[in-house]
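Notes follow the structure.
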Amino acid sequence: MRDAEKRVTELSDAVEAASNDDDMNRAAELKQDQQAAEIALGEARAAWNAQMDADPLVIDTAQIADIVSITSGVPVSSLTESESRRLLQCESVLKTRIIGQDEAVSAVAKAIRRSRSPLKDPRRPGGSFIFLGPTGTGKTELAKTLAEYLFGSKDALISFDMSEFGSEFEVSKLIGSPPGYVGHDEGGQLTKAVRRHPYSVVLFDEIEKAHPDIFNILLQVLEEGRLTDGQGKTVDFRNTVVIMTSNVGAREIAQESNVGFGTTGENGLSSGEIRSRAMGELKRLFRPEFLNRIDDIVVFQKLTGEDLKSIAQLLVDDLRQRLIANGMNIELTDAAIDKIVAEGTDLTNGARPLRRAIQRLIEDPLSEELLAGEWGEGDTVLCDVTDGAFVFSHGTGEIPAPRALGALGSSAVAAPHTSGAAPSTGVAAGPGGMMQTGSGAH
């Protein structure tokens with residue numbers, strides 16, 4: 008039937024074009040073809056209607072809910088019994104992705120459960136946190152994982168690099184310029200993003216670098232759960248989770264805590280002492296009325312050697328999934344994992360160098376061999392270390408099925424962010440699918 012409709016449309020356009028060219032003979036011929044096509048279309052529609060009468064399509068509420076979710080970006084799952092169990096398992100699910108930060112994960116999970124229960128203050132966001140700790144310890148990764156867990160998609164993360172908002176005149180980029188000023192019609196990056204995606208995790212990275220006027224904006228968000236943009240429109244933040252990261256106190260943590268951070272050593276501090284020092288530094292930088300509106304201030308620990316090894320295995324599994332999607336597999340020996348950790352360990356930058364180490368030690372040489380045709384579909388790459396160097400050989404075993412896509416820990420209805428949904432000014436897809444907003448989006 009669609010082909011018949013397309014044929015009628017094409018002939019109608021052709022008749023009009025021939026008439027405009029004063030080619031009446033051609034127009035008459037095409038008109039006859041159009042009439043025949045319309046008769047064929049009528050017959051096709053009659054046959055389709057008869058088929059629908061005999062075997063009608065049934066659209067249930069779940070399908071309607073899916074369409075509403077796709078169109079609006081709003082998850083339609085409710086607090087059912089299965090949803091309740093999912094929230095109770097929040098820690099165990101998040102800990103599969105966030106290594107070595109059990110205390111931070113537990114604090115966030117408790118706040119999220121509270122926000123999903125009837126105890127939630129209906130005027131405030133679903134959660135508000137400040138993540139403190141050295142770089143590379145999982146602050147941003149927890150925000151990304153939380154977005155996927157709560158809203159079913161990694162794209163449900165709206166990220167701002169606050170170093171781009173250090174000047175007073177840049178504050179208007181968040182909520183938009185007032186009437187009469189340049190850029191008034193464009194709207195604000197923050198307000199536009201949240202209006203389009205009200206169910207999101209909003210991440211303010213390195214909040215201590217923002218101009219003080221930014222905190223006046225955040226006070227309204229944290230207390231009232233809403234914000235008025237430069238065009239006078241009110242944006243609802245009550246269904247968002249607001250996360251701010253900071254490296255405040257990271258230097259003291261790095262200098263005075265040992266690797267293993269939660270323990271007390273000869274020169275190390277206990278977790279409580281570290282938190283106390285970090286809070287003291289935080290109170291010197293931020294006003295009490297701002298800190299009092301935060302649900303929880305979470306201090307991230309330094310990573311141990313075992314933590315780095317577990318993170319390396321997670322990163323290798325990401326590589327494995329990419330190969331599985333192309334009909335191949337990769338397996339690493341314990342020696343290979345140890346080599347990656349040794350090459351990618353940097354106490355200053357935490358786990359960040361591990362990804363670069365995997366790219367340099369495995370992905371680069373393996374890519375050359377793939378392009379040379381040494382590996383193909385159905386092959387399993389066995390990676391080992393010989394004389395201090397990585398070597399690849401053919402392994403055995405079947406290629407596993409690709410890992411299922413979807414929200415962490417459950418089948419909660421996703422809140423997908425369709426194309427064109429991101430703010431139009433300086434927005435790009437960041438690592439892991441997150442939306443990064445501002446001129447420095449990468």
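Residue numbering for the sequence shown follows my numbering, starting at 8 and increasing by one per position. Glycine is no exception: its CB is placed at the ideal position from the N, C-alpha and C atoms. Computed from a predicted model, the values in this text were never measured in an experiment.
Inter-residue Cα distance where the pair is residue i and residue j
i: residue 254; j: residue 324; result: 29 angstroms
i: residue 421; j: residue 333; result: Low per-residue confidence applies at residue 421: pLDDT is 36, beneath 50, and the placement is therefore not dependable, though the value from the model is reported in the following sentence. Whole-angstrom Cα-Cα distance: 26 angstroms.
i: residue 369; j: residue 309; result: 26 angstroms
i: residue 160; j: residue 152; result: 9 angstroms
i: residue 50; j: residue 42; result: 13 angstroms
i: residue 7; j: residue 64; result: Any property of residue 7 remains undetermined from this structure, which presents the chain solely from 8 to 449.
i: residue 398; j: residue 391; result: 5 angstroms
i: residue 93; j: residue 122; result: 14 angstroms
i: residue 24; j: residue 11; result: 20 angstroms
i: residue 157; j: residue 181; result: 24 angstroms
i: residue 119; j: residue 239; result: 31 angstroms
i: residue 22; j: residue 59; result: 33 angstroms
i: residue 243; j: residue 234; result: 7 angstroms
i: residue 14; j: residue 37; result: 12 angstroms
i: residue 137; j: residue 230; result: 15 angstroms
i: residue 378; j: residue 330; result: 14 angstroms
i: residue 252; j: residue 307; result: 10 angstroms
i: residue 305; j: residue 67; result: 43 angstroms
i: residue 352; j: residue 183; result: 42 angstroms
i: residue 20; j: residue 54; result: 26 angstroms
i: residue 29; j: residue 16; result: 20 angstroms
i: residue 297; j: residue 196; result: 22 angstroms
i: residue 74; j: residue 237; result: 32 angstroms
i: residue 99; j: residue 110; result: 12 angstroms
i: residue 374; j: residue 401; result: 15 angstroms
i: residue 385; j: residue 410; result: 17 angstroms
i: residue 382; j: residue 317; result: 28 angstroms
Member of the options whose CA lies at the smallest distance from the CA of residue i
i: residue 205; options: 154, 316 and 60; result: 154
i: residue 2; options: 164, 338, 100 and 98; result: Past the edges of the chain, shown from 8 to 449, lies residue 2, and the structure says nothing about it.
i: residue 363; options: 397, 137 and 322; result: 322
i: residue 102; options: 288, 54, 148 and 184; result: 148
i: residue 489; options: 201, 237, 343 and 207; result: Within the shown structure, residues of the chain are numbered from 8 to 449, placing residue 489 beyond reach of any answer.
i: residue 116; options: 292, 96, 73 and 316; result: 96
i: residue 343; options: 360, 319 and 165; result: 319
i: residue 135; options: 211, 144, 75 and 375; result: 211
i: residue 164; options: 296, 195, 194 and 201; result: 201
i: residue 52; options: 8, 61, 33 and 75; result: 8
i: residue 361; options: 232, 326, 373 and 178; result: 326
i: residue 203; options: 410, 247 and 219; result: 247
i: residue 348; options: 311, 409, 293 and 375; result: 311
i: residue 222; options: 179, 194, 245 and 199; result: 179
Outcome for residue i when other beta-carbon atoms lying within 10 angstroms are tallied against a minimum of 16
i: residue 290; result: exposed
i: residue 405; result: exposed
i: residue 299; result: exposed
i: residue 18; result: buried
i: residue 283; result: exposed
i: residue 336; result: buried
i: residue 403; result: exposed
i: residue 176; result: exposed
i: residue 132; result: buried
i: residue 224; result: buried
i: residue 358; result: buried
i: residue 39; result: exposed
i: residue 56; result: exposed
i: residue 88; result: Confidence at residue 88 is low in this model, with a pLDDT of 49, below 50, so the placement of that residue is unreliable and no value is reported for it.
i: residue 44; result: buried
i: residue 27; result: exposed
i: residue 130; result: exposed
i: residue 340; result: exposed
i: residue 441; result: With a pLDDT of only 40 at residue 441, under the threshold of 50, the placement of this residue in the model should not be trusted; the figure read from the coordinates follows. With 16 or more other Cβ atoms within 10 Å, it is buried.
i: residue 380; result: exposed
For residue i, the first and last residue of its enclosing alpha helix (DSSP H)
i: residue 26; result: 9–27
i: residue 152; result: 146–158
i: residue 31; result: 31–61
i: residue 315; result: 312–331
i: residue 98; result: 97–101
i: residue 296; result: 295–298
i: residue 113; result: 109–122
i: residue 221; result: 219–231
Terminal residues of the beta strand (DSSP E) in which residue i lies
i: residue 391; result: 387–393
i: residue 64; result: Neither: residue 64 is in no beta strand (DSSP E) and is coded neither H nor E.
i: residue 168; result: 164–168
i: residue 254; result: Neither: residue 254 is in no beta strand (DSSP E) and is coded neither H nor E.
i: residue 336; result: 336–339
i: residue 202; result: Not the beta strand (DSSP E): residue 202 falls in the alpha helix (DSSP H), residues 196–203.
i: residue 302; result: That residue, residue 302, is in no beta strand (DSSP E); it is neither H nor E in DSSP.
Min CB distance residue i to chain D below 8 angstroms
i: residue 39; result: Judged by its chain identifiers, the structure shown contains no chain D, having just a single protein chain.
Inset, instruction - Evaluate contact between the region 198–217 and the region 166–177, counting only Cβ atoms and requiring at least three cross-stretch pairs below 8 angstroms. - result: yes
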